[in-house]
Structure formats: C-alpha cells, structure tokens
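Below is one structure, written out as structure tokens; comments come after it.
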Amino acid sequence: VQSYVPMSVTLGASATTISNDDTWIAIYGELILNQGSGTTPVPGVTYYLDPTVLDSSNQPIPQSIANLPVPSSSTPDQVLLPSFTLTQWGSYLAMPAPVYTPASPNGLTQFSGRFLISVGTPVQSQVNSAGAVSAPSASDPFDPSTGTFCDFLEFTIQSNSDGTSNFDMDTSQVDSFGLPMQLQFFQDAAGTQAFNYTFTGTITAASNTITATGTLPAAVQIGALITGQGIPASASIVAIDSKASTVTLSLPASASSSAETFTAVLAGPVGVLANRNDLNGSGSFSFSTFLAGFPITNLQAPLFAACTNPWPMRLITPKDLSEMYNGPTYTDSFNSFFNAQIDAFFLMYYTGTIGGKTGGANTFSLVSEASGSSITYSGSVVLVSGNYVLQLTDPTSTETYNIYYPFFSGVTIQGYTPLFTPGPAPTWLPKPLESASQMVWGCDGVFADSAMRPSGSFQTVVLGDLEDSISAAFNRGIILNGPSTWGDTSTWFDASITTNLGVYNYWVQYWHQQGLTANNLAYAFPYDDKFGASTNMQQSSVGLVAITMGSWGSQLLPTISIAQPAGTVNQSGNVTLTATVTGTGATPTGTVTFYIDGYPVSTQLSSGDNPYIVPGTVPSANYYPPNLFPIELTSGTATQNAVCPPLSGGSATHTYTVTAVYSGDTNYLPYVGSIPLQLVSTVPPNSFNLPSFGDLVLGGSFDTGSTISLQDSGTIDGSVEISLWQPIGTTQLQQVGATVTVPNVTANPVPIAGCTIPALSFTGTTTNGSATLTAVSSCNGLTVGQVLTGPGIPDKTTIVSYAPQTGGASTISMSNEATSSTTGATISSNGILATYQLQAVYTPSGGQPQAALPSSDFTPVAG
Numbered sequence: 029v030q031s032y033v034p035m036s037v038t039l040g041a042s043a044t045t046i047s048n049d050d051t052w053i054a055i056y057g058e059l060i061l062n063q064g065s066g067t068t069p070v071p072g073v074t075y076y077l078d079p080t081v082l083d084s085s086n087q088p089i090p091q092s093i094a095n096l097p098v099p100s101s102s103t104p105d106q107v108l109l110p111s112f113t114l115t116q117w118g119s120y121l122a123m124p125a126p127v128y129t130p131a132s133p134n135g136l137t138q139f140s141g142r143f144l145i146s147v148g149t150p151v152q153s154q155v156n157s158a159g160a161v162s163a164p165s166a167s168d169p170f171d172p173s174t175g176t177f178c179d180f181l182e183f184t185i186q187s188n189s190d191g192t193s194n195f196d197m198d199t200s201q202v203d204s205f206g207l208p209m210q211l212q213f214f215q216d217a218a219g220t221q222a223f224n225y226t227f228t229g230t231i232t233a234a235s236n237t238i239t240a241t242g243t244l245p246a247a248v249q250i251g252a253l254i255t256g257q258g259i260p261a262s263a264s265i266v267a268i269d270s271k272a273s274t275v276t277l278s279l280p281a282s283a284s285s286s287a288e289t290f291t292a293v294l295a296g297p298v299g300v301l302a303n304r305n306d307l308n309g310s311g312s313f314s315f316s317t318f319l320a321g322f323p324i325t326n327l328q329a330p331l332f333a334a335c336t337n338p339w340p341m342r343l344i345t346p347k348d349l350s351e352m353y354n355g356p357t358y359t360d361s362f363n364s365f366f367n368a369q370i371d372a373f374f375l376m377y378y379t380g381t382i383g384g385k386t387g388g389a390n391t392f393s394l395v396s397e398a399s400g401s402s403i404t405y406s407g408s409v410v411l412v413s414g415n416y417v418l419q420l421t422d423p424t425s426t427e428t429y430n431i432y433y434p435f436f437s438g439v440t441i442q443g444y445t446p447l448f449t450p451g452p453a454p455t456w457l458p459k460p461l462e463s464a465s466q467m468v469w470g471c472d473g474v475f476a477d478s479a480m481r482p483s484g485s486f487q488t489v490v491l492g493d494l495e496d497s498i499s500a501a502f503n504r505g506i507i508l509n510g511p512s513t514w515g516d517t518s519t520w521f522d523a524s525i526t527t528n529l530g531v532y533n534y535w536v537q538y539w540h541q542q543g544l545t546a547n548n549l550a551y552a553f554p555y556d557d558k559f560g561a562s563t564n565m566q567q568s569s570v571g572l573v574a575i576t577m578g579s580w581g582s583q584l585l586p587t588i589s590i591a592q593p594a595g596t597v598n599q600s601g602n603v604t605l606t607a608t609v610t611g612t613g614a615t616p617t618g619t620v621t622f623y624i625d626g627y628p629v630s631t632q633l634s635s636g637d638n639p640y641i642v643p644g645t646v647p648s649a650n651y652y653p654p655n656l657f658p659i660e661l662t663s664g665t666a667t668q669n670a671v672c673p674p675l676s677g678g679s680a681t682h683t684y685t686v687t688a689v690y691s692g693d694t695n696y697l698p699y700v701g702s703i704p705l706q707l708v709s710t711v712p713p714n715s716f717n718l719p720s721f722g723d724l725v726l727g728g729s730f731d732t733g734s735t736i737s738l739q740d741s742g743t744i745d746g747s748v749e750i751s752l753w754q755p756i757g758t759t760q761l762q763q764v765g766a767t768v769t770v771p772n773v774t775a776n777p778v779p780i781a782g783c784t785i786p787a788l789s790f791t792g793t794t795t796n797g798s799a800t801l802t803a804v805s806s807c808n809g810l811t812v813g814q815v816l817t818g819p820g821i822p823d824k825t826t827i828v829s830y831a832p833q834t835g836g837a838s839t840i841s842m843s844n845e846a847t848s849s850t851t852g853a854t855i856s857s858n859g860i861l862a863t864y865q866l867q868a869v870y871t872p873s874g875g876q877p878q879a880a881l882p883s884s885d886f887t888p889v890a891g
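In terms of this note's numbering, the sequence shown opens at residue 29 and continues consecutively.
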C-alpha cells in the first residue's frame, strides 16, 4: 500500500507581499535501496512529483524522470525539472513513501531527495539524457539557477509494515542561504499535536546529567531540546544511557531540581527566524554585521566577508567557496585556512620532535556509540607505511582506525610547508586531491573516507563516526581541546588566538547565534548534527509536515517586467534586454543584473571581452560570483546589450530563460523577474543534431592516432569544422591540434581523418630507484592509468597519481621505479583514459554557420 505524508507550505504573516502564485515548488528524489547500517545505499530510479498527476485519493503519483522529453533533433531544448506554484499544488501537496518491502534479503526502499522552493521564478534544475537532476549549486557560478532566489529542504521517507512511514527532513545552510523558512512535524493532519515527550528526573546545578525517574521514553532522541526547571535555554541531549536512565545535556544546569518534569522537544520547530533582507543586508542579524563584531586583530573573521558577495540572491558558505577554487595549489585563503590548526592538532598527539617542534605526547581518546556500544577509542600519531596517521584502537578488539594526515606528497602547497613530511595519497581518495583545508570545510577527503577504503579492513560505521567528530571539532574551533569536552557547546567557537588559534568556521557560529534560528539549531556544515546541534528531524507516523516561509523584510515588494526583445534571436547573436522595476511608492533605485540561462551578462561588449561568462574560462573575480555587472536603474529602467550564449550542441531551437535580479533599495526589497526567450534559426531543426553531437565513433584501438568520426541520424548537407579540445583543471580548455574542415558533406558518418587522438609527450626527469617522475615541460592530458614509455621507465609502467602544474614542473607517481636517472628526456603516454571534448561548426548549404561549445566529455578506452 502506498502511504503519504501530507505537507503544507504557508506564507508567514509577515510575508504577505509574496503570493502563492509567486512561490514555486519542485520535488524530486531517488528510490534508494537501503541495505542496512554500515552499507552504501543503492540508488535507483529518479522521480519527481506533479500536482496534475494524481491517484484516486488525490495524492501525487511519483513520475519517473525518464518520462520527461529528452533533447533530440526535434526537441533539442534542455529539459528542466518541472516546478509548480503553490496555487497549482493546492491541497495536493504530499510526500509519497515507497511501498513497504521486507528488510530481508535485499533491504528497505526509501525515497530520498530535495524539496526545492523558489520565489518570483522557478528554479532551472536541468535534467540530462541519463535522467540525472542538476540541483541548484551555490558553488557553480554557471549554474542555471544562479539568477534565482531559491532554497531547499532534504528529505528521506520510508514505509513500515503497518502502513505508517518514517520521515526525515531538515532545513540546511550547508551550501548557502536563500530563503528563511521554518519546519515542524505534527502527529495529526490538522497540525495541532506536536511531538513532545515528558519525563520526571533529577539534576544538580553545574551538572550536565539528568537522571530520570524510572525508564526514559523510547521516543526521546539525541538532539532533542530539553526544557524544565534549572535547564538553560538551548540545552539539548547529546547522549542517552537507557540502562542508567540518564541523558547528557549540551549545557550544564543553572540550578538543582528534584522530581522535576522535563520536556524533550521533538520535531521542531526548526529554521530561520530573522527576515531575509536583514540577513542578506546590513541589519542587526546580517552576516556582515556579525563579522564586524570581531576585533580587527583577529585576521580570520574578515575572510568570511566573501560569503556575502552573491547578495542579493543568496549568502554562500566557505565550503562552497573552497570547492569553487578547489585544488591544493590554489593560494586563496579558504584553501589554506586550517593548515596551521591541522598541524597543531596532529602535533598534540605525536611523541618526539618534528619540523623543529616537540610533540605533545598526548593520548587521543574519543567515545563513539556507532558500533552499538559505548566504546572509547584511543591512540596517537604514528608513521604507517610512509604516512602519518592518528591511529586509534578498539580496546574490545584488535581493530585499528587510521585518520590520515591530510597533506600528501606530490602535491605542492603554495605558501605553506606542512610540519609532518607528507606521504603518498591513499589510492581510494578521489583525484585530483583537495587541499587539506577544503577537506575540513567539506568534511570530506580523509575526514570522510570510511566508505571509500577497501572493504573488509575496518568497520566503516565506526571509522565514519570518528572522522565525523574530528571534522566537527575543526569547524567548531575546539579541535585543540580534549575530545571529552567536544559536546560542551559553551566551549565552541573560541575566537582567542592564544587557545585554538582563532581558527574555526565563523559561518557555523553565525547560524547558531541566539535568536537567529529557532532554538539556536542550524545545519551549517555537513556534520552539524554531531552533538545534537542541527535541524535534522526523524519521526515515525508523521501526520503533517508544515513549512512556514519567513518574511523578506518590512520594505515594499516591487514588480519587475522584462520586455520581449524585438526581432529574431539567434544563437550567439545580439539581443537588447530591458527590465523595468515599479512600485507603489517612490520610483525604485538600485541595480538590475541580467542572466541568460543562468549566465551573468557582461557589460564589456566594446572591449572585446566575452559578453557572457563562458564555461572553460577562469573567472576574473577572486570570489564567487565572478564578473557580475549590475546596471544602474534610470527612472526605474535598466537596459543592457547582450549576446545569447552558444548552446552545448548548437541546436536550431532553444528557449532561453532571461532573469533580471533587482538589488533592492531603502524602499523596496530585492526581487526577480523572468521571461522565456525563443531562439530563432534558419537551420532546419533536423538538419544536424548538434545538441548531442550524434554518436561519437572512435576508430582504431583508441590508442594514439585514433581517428574520430561523427555520426548523425539526420540529413547532413554542407560543411563541418571539427576541433578536439582537452580540459585543463576544472576551468579551462585548450585545443589539441588544428581545426579540420570537411567540405561538401552529404553522408554519415562524417570521417574526420585529420582529427585524431594525439600523442601525449613531454620532457621529464627520473631518478634511479624512484617512482616519482617530474615533468619539465607541459604535460596536460595525462591521467591516472595511462602507460608511460621513455628512458629508464620499465615496461607497462602506468601513472598512479598526477599533480599538474601550469607550465610544467608537474609531479607524476609511477607504478614502477625508474631503472636509470635521466634529465629532460622525452616521455610518452599511450593517450588512453584522457578526457576530450569536440567542438563543431556546421554550415548548411545556403545557411549561416552554427557554432557549438565543446561537447560533453568523452574518454577513449584502450581496445
């Protein structure tokens, strides 16, 4: 039996300026097979919800993403995830739970995904031909939803055998902040019965422990807020001992109390209380005002001002900023922020002298209940197989848990020398490696590699819990305190330079400050649920999920209209954009920033710069978002000349989305307007299927010199220019070889004889007995797994890891040691496994050239 949990979205009393017709909801997720604790969930079909497709009970029937139209020669437009207004959803808003399946032998199915909310215009979450949804990304300046006001909630729902369901949901500022909202679960569909549980117990002043009278209610959870006599505000449960009938609180009691009734406040409310304009602007609760409260001598806090750069659309987290400028060779401060603290932490638990500093010789001890029992894992920093690790042991078994020192050999850390000698990176870590600080911001890399390591050598769940706690301690600035104190919230966020170096995630502290969020709970970084500080809620038999949108502020809400450009619109052609901002009071002032399909439009057309921000180019700004060019309003109107971005496949039909984001002023709130902009082309839609580049046919064995052919199901009549490109890092492309022209093409496939997989060669230096090769010249295009040949390199030697550097001096780890020393010798790769892209310009007979940006990546495989 399919079960549903009713949902409601209410526009708060102070948010009356936003209407149901201006509030958009998109819901999607994957049907996942959960095989139990300690296993990796198996993803399945991706679904979305549509209020127009209902069952006999007027409940939305999950719709497979695969049923959406896909780009083709007749429908080449990019498919967007369907969004619907609150008016369209009406009373049909509900979350379906998968039909119950017995846990044995395959596990339970669950529906996990995102609940997207936007105001003014729907999100532009694209769906690719494989059925994957691209959720709005704060770390991607080219995301199609960059120019929208949006936010999301995460959810997981699973059915029980009795027809009820387990529901898990949270509000989150892990990536960004877009919209203020609150969330609460109720036991009844009317939303009148909260999930609260009471019990009697005793507590002593200055103690963190409540001893219950009798048995604790089974429903009481870690993370629940506790109210009662002698309990300070915002105290929550950080540990439960059901045998002893005790709960440990995050804060000590302010007074003693005996036989007192305590209430565990479960299932909300959680979420943001302050209004949006205050948080994003300069009000008392704004992030800018918060940062200004720190002394200028503390050099850590001012860095976080970069998080406010995307205003007025959203605030962005330092985690996403570090991801945008990822890579250990970046010199930006986010990717070096935690370096000194990481070294100080490992030095505390090291015995001996290293790098001219004496280790603290302390024993690290951390309690974890991940195994099902409360166990203290202890150890110190030792050298294991060339890597320094914090090695922890289980006193009840022989199991060993290694937390890796996050600096690795072969990776240049510009401007910083690690205290411990870096060892080789574990083979299971994704390549290219992140910076050590990025691993802390994102709580990933060595601080979340439990599921990546080879199976059978450790307990994944326990190792993951230990790594989660360490990541949380770095972000909260308590990593240099004893682990036994990490649950004491009063010690978090110590800005003193002399104790914890003043290094922590100020973004996290901001969201947990008094009065900003309900009960001071927030999900501000990936492991903010450690010690019960997050907004994550899990309940069974939920009768109603209630979402309340907060206020945008006390100013008026303007109206934004965009004029439909005159004449036809051609791909890469000029277009004039005009937006008018009106209001019921004074003439609006401020700025408007235009976006076309999420690309911020540049004003520097006359200088020869790109008229839009092109993927494959390095953003000129230091921090997100790059190259925003707001236009000043004149009598409420902003006009800008632009060029329509070329499409990924040069399609003949496409509907661009143009958005105009208004900055707001003293009288009016920020807001957004949008219009569709239809591409018009003289090329017949079926003449050349450039959106997907047809079928790429790579001849030969896919080794060096393989010929590329281009195949299409349509009729080709004209000439084709093909060029081959290679990505450099994550932000640039370089052309490989010359552009090849094939004139007078009339048949498929199109052979591109001169466009071949190139030989990859460079000059390098080897040392006899060493598996490290240094490239003296540029070696772009190398990747792990390629076979190397050259003087002193044994037969069948492959690339194990590769740390590219601009202009040469790249470090390559080989699978075999060199048999001789060489300097500046010519080294070659067989070229397989490299990533390439194609770029095409098709000129039909009697028509205009139709250009395309590089195709999707493709990777030749040896055959």
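Beta carbons are placed, not taken as given, at the ideal position from N, Cα and C, and that holds for glycine. Keep in mind the model is a prediction, meaning the values are calculated, not measured.
Alpha helix (DSSP H) segment containing residue i, residue limits
i, result
"Asp-477", "Asp-477 -> no alpha helix (DSSP H), and no H or E assigned at all."
"Met-352", "346-352"
"Ile-498", "488-503"
"Tyr-534", "534-539"
"Thr-115", "114-117"
"Ala-594", "First-last for Ala-594: undefined, no H or E at that position."
"Leu-307", "304-308"
"Thr-526", "525-528"
"Leu-319", "315-320"
"Leu-375", "367-376"
Where the beta strand (DSSP E) containing residue i begins and where it ends
i, result
"Pro-34", "31-39"
"Asn-224", "223-231"
"Leu-572", "572-577"
"Val-468", "Where Val-468 is concerned, there is no enclosing beta strand (DSSP E), although the alpha helix (DSSP H) it sits in stretches over 464-469."
"Gln-566", "565-568"
"Asp-556", "Careful: Asp-556 lies outside any beta strand (DSSP E) and carries neither H nor E."
"Phe-392", "392-396"
CB contact below 9 Å: residue i versus chain D
i, result
"Leu-585", "Annotation note: the requested chain D is absent from the structure, which comprises a single protein chain."
Identity of the residue in the options nearest residue i by Cα
i, options, result
"Glu-462", "Tyr-830, Gln-87 and Gln-154", "Tyr-830"
"Thr-192", "Asp-203, Ser-140 and Val-127", "Val-127"
"Ser-31", "Gln-215, Ala-122 and Glu-58", "Ala-122"
"Thr-291", "Leu-307, Thr-230 and Ser-310", "Thr-230"
"Val-275", "Ala-281, Val-266 and Ala-283", "Val-266"
"Leu-605", "Thr-612, Gly-611, Thr-621 and Ser-849", "Thr-621"
"Met-467", "Gly-384, Lys-347 and Leu-584", "Lys-347"
"Gly-505", "Ala-302, Phe-365 and Asp-306", "Phe-365"
Beta-ladder partner(s) of residue i, from DSSP
i, result
"Val-417", "Val-410 and Tyr-432"
"Ile-60", "Gln-138"
"Gln-154", "Leu-108"
"Thr-381", "Thr-386"
"Glu-660", "Thr-619"
"Ala-607", "Ile-590 and Ala-666"
"Gly-701", "Ala-688"
"Tyr-120", "Tyr-120 is not bridged to any residue."
"Leu-343", "Phe-205"
"Val-298", "Leu-211"
*Is it true that the region 328-337 meets the region 239-259, where meeting means three or more beta-carbon pairs spaced less than 8 Å apart?*
Using a C-beta cut-off of 8 Å, the region 328-337 makes no contact with the region 239-259, since fewer than three inter-stretch Cβ pairs fall below that distance.
*Only counting runs of 3 or more residues, tell me where the beta strand (DSSP E) segments fall wholly within the region 175-231, in order along the chain.*
Within the region 175-231, the complete beta strand (DSSP E) runs of at least 3 residues are 177-187, 193-199, 209-214 and 223-231.
_Assess contact between the region 216-230 and the region 307-327, defined as three or more Cβ pairs (one per stretch) separated by less than 8 Å. Is contact present?_
Touching, no.
*Can you find at least 3 beta carbon pairs, one from the region 171-190 and one from the region 552-560, that sit closer than 8 Å?*
No, the region 171-190 is not in contact with the region 552-560.
*State whether the region 380-394 contacts the region 402-410, with contact taken as three or more CB pairs (one from each stretch) at a distance under 8 Å.*
As far as the Cβ criterion goes, the region 380-394 touches the region 402-410, which means the pair count is three or higher.
_Quick check: the region 565-574 against the region 685-692, are at least 3 beta-carbon pairs closer than 8 Å?_
With a cut-off of 8 Å, the region 565-574 and the region 685-692 do not count as touching, because too few Cβ pairs lie within range.
_Stretch-stretch touch, CB-based, cutoff 8 Å, three pairs: the region 410-430 with the region 450-462_ = Enough Cβ pairs lie closer than 8 Å, so yes.
_Those runs of the beta strand (DSSP E) which lie wholly inside the region 225-269 and span at least 3 residues_ = Runs of the beta strand (DSSP E) inside the region 225-269: 237-240, 253-255 and 265-269.
*Does the region 495-512 touch the region 420-428, meaning 3 or more C-beta pairs lie closer than 8 Å?*
With a cut-off of 8 Å on Cβ pairs, the region 420-428 is not in contact with the region 495-512, counting fewer than three such pairs.
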